[in-house]
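In the working numbering, the protein residues as written are 66 to 519.
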Amino acid sequence: MAQKPSIPKGTRDFGPAEMIKRNYIFSTIQKVFIKYGYQPIETPAMENLSTLMGKYGEEGDKLLFKILNSGDFLSKADDALLEEKNSLKISTQISEKGLRYDLTVPFARFVVQHRNELSFPFKRYQMQPVWRADRPQKGRYREFFQCDVDVVGSDSLLNELDLIRMMDEVFRLLKINVVIKMNNRKILSGIAQAIGAPEKMMDITMAMDKLDKVGAEKVYAELHDRGISDDAIEKLKPVLKLQGGNCMRLEVLEDLIGDTPDGATGLKEVREILDYLSAFTLESEVEVDQTLARGLNYYTGAIFEVKAADVKIGSICGGGRYDNLTGIFGLPGVSGVGVSFGADRIYDVLTELNLFPSEAASATRVLILNFGDKETSYALSVLQQLQQEGISSEFYPDTVKIKKQMKYADQKNIPFVIMIGEEEMESGALTLKNMTTGVQDKYVVEEIIKHVKK
RNA sequence: GUGGAUGUAGCUCAGUUGGUUAGAGCACUGGAUUGUGGUUCCAGGGGUCGUGGGUUCAAGUCCCAUCUUCCACCCCA
């Protein structure tokens, strides 16, 4: 079929069954956000490219979806550039808007723009789709939803505590076993300083981040390729090999990087957060992982990543502290910290582990069958009574075979069916069929309401 | 952006070294059952074999291009 319609690569439709499950995820997350005092905001799907460009590194810029200017945009473009066919240069002339890449940068823009209307520390949550022109693959889409919580305008590490507790609570409610990994950019920069390659911090961390994926040898090889000296790699080995509990790791790290200025601060921050945490009982394990890096280069302090313990899918939640994100938009000195829940990956995890609650199947509780014009007004009054009682119910709109209507109820997983024919109208005793047991009996409306209500 | 695989009915897939009219299961529609779904039985509809070109007497099958989806890399939720 040639003209079968389709949707763009990496995007998806969500049918009713999927939406019910997705809403379960969103409402669970939202419940926790609200409980901790965070407030909702939304920002537009598109932002000015000047807001987005240069915030996600060179790779990130390539992954931005750009929107063509309206009108006759080509006539305003530079002829020489058009002739040159240089897409990159032309794009700045014919496009000035792009789809947002994440929710953090638009949030920073929002904070700067509305600084006078906000009271700080400002705690917000935001659950909206983001777009990346990535090549799609497993657990990776071009349009996906993020659920962000951030607090800006507070340096306190109590905010980190807040976030960790929220991550723990969300995944406890969703019944996903997770490991919350924590590290600190200052520790990473301390490591780079300690091995004598402070300017190579990004290279070192990016290579190190792959440790559990590719193994130590490949990490060494990559470090070498990235121009790290053998001497420095040799010094890095004890850091990479470092295993064991949080206390032990911190002690060893203290020895290795404790005398670098960044390293010392980083370790102190991690200790402080762990200290706060010790007063709480968490379901998930919080693990200090000195190899955790995270790509986004605006992070400056704590960084987090949550991995599902029972599914291989990459991280399902991540974030960290950024000290100067609003600075790029002209408001320096405002520190923020936040995490982002990947709703789509959480969906995949719940599907794989079969953890969606079963009652998420159907919303309609009662279907009233349509017997014909004679019965319609009677049926409608019953419908109204049920709905006034808050029972979600529907009346089949067409007079078709009972068999077809029953099948509709069955497929929509509607637990009760009411039949109102001539006989029922005369007696006022309506036939109520329980679709799960197959049992049916006659009741007056009031009894039906009692019966059908949970 | 790089490399590899894939595409046949709404869905999941068969289809021989190229050879007449391309099949199955599920789903759908009708009937057995004119007021009873989920089980069973019978019948039926539905395909330009992703698209465009090429080779050949002959292409679902071989070649090229293109798109889709998937997998890995880069990177990331």
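From the three backbone atoms N, C-alpha and C, an ideal C-beta is built for every residue, glycine too. Just so you know, these numbers come straight off a predicted model, no measurement behind them.
The alpha-carbon of K372 is positioned some 23 Å away from that of G125. Per DSSP, reduced to three states, the secondary structure at S446 is helical. Proximity of the stretch 110 to 129 to the stretch 368 to 383 falls short of the contact definition, fewer than three beta-carbon pairs being nearer than 8 Å.
Its chain contains A281 as the residues whose beta carbon lies nearer than 8 Å to that of K306, once the 5 sequence neighbours on both sides are disregarded; these appear in chain order. In terms of CA proximity to D290, I269 leads the group A474, V509, V376, I269. By the Cβ rule, the stretch 391 to 406 does not count as touching the stretch 445 to 457, because fewer than three pairs are nearer than 8 Å. Note: Q505 is bridge-paired with K498 in the DSSP secondary-structure output. L357 is not a Cβ neighbour of E337, given a cutoff of 8 Å. DSSP places G328 in the helix class (H, G or I) of the three-state scheme. When L495, L117, F460 are compared, the shortest CA-CA separation from R430 is found for F460. With fewer than 16 neighbouring CB atoms inside 10 Å of its own CB, S140 falls in the exposed class. If the five residues before and after L146 are omitted, its C-beta is found closer than 8 Å to the C-beta atoms of K154, I155, Q158, all from its own chain and listed in chain order. With a 10 Å radius around the Cβ and a threshold of 16 neighbouring Cβ atoms, E123 comes out exposed. CA-CA distance, K275 to N248, rounds to 15 Å. Just measuring C-alpha positions, the residue of C212, K466, T501 sitting nearest Q95 is C212. By the 16-neighbour rule on beta-carbons within 10 angstroms, K472 is exposed. In the DSSP secondary-structure assignment, N478 is not bridged to any residue. Taken atom to atom, the span from the alpha-carbon of I90 to that of E488 is near 46 Å. Within its own chain, the residues whose Cβ lies closer than 7 Å to the Cβ of F421, once the five positions on either side in sequence are excluded, are K86, Y89, L415, listed in chain order. Between K246 and E352, the C-beta gap is smaller than 8 Å, which places the two residues in contact. DSSP places E123 within a helical segment (H, G or I) once states are collapsed to three.
Rounded to whole angstroms, A286 and K300 show a C-alpha spacing of 15 Å.
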